[in-house]
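*Asks:*
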Amino acid sequence: MEKTLNVQGMSCGHCKMSVEGALNKLDGVSKAEVNLDAASVDVTFDDSKVNVAVMKEAIEEQGYDVEA
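Quick note: the sequence shown, position 18, residue 18 per full-length UniProt numbering, numbers continuous.
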């Protein structure tokens, strides 16, 4: 399954690595790709192992806001 999450506060390569790293650590996430210009992250995941709420929490733990 694929989902795009809108993430506020990302502005640099470090932000990109933090968000992608946090998502890629989650069981069930196969790919996370941040687009800084669009302030979003495209996530490919197995929805039987992980859900949007868990991904949102992982991003927020890195200090970024996720818009629904």
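Every residue, glycine too, gets a C-beta built ideally from N, C-alpha and C. Nothing here was measured: the structure is a model prediction, and the numbers come from that model.
1) Can you list the beta strand (DSSP E) stretches of 3 or more residues lying completely in the UniProt domain "HMA" (1-67), in chain order?
2) Do residue 19 and residue 59 count as a contact pair if the criterion is CB distance below 7 Å?
3) Using a 10 Å radius around the Cβ and a threshold of 16 neighbouring Cβ atoms, would you call residue 1 buried or exposed?
4) Judging by CA-CA distance, which residue of 61, 63, 54 is the nearest neighbour of residue 69?
5) Using alpha carbons as the reference points, say which of 37, 26, 17, 5 lies closest to residue 48.
*Replies:* A quick look at the data gives this:
1) 2-8, 29-35, 40-45, 65-67
2) yes
3) exposed
4) Past the edges of the chain, shown from 1 to 68, lies residue 69, and the structure says nothing about it.
5) 26
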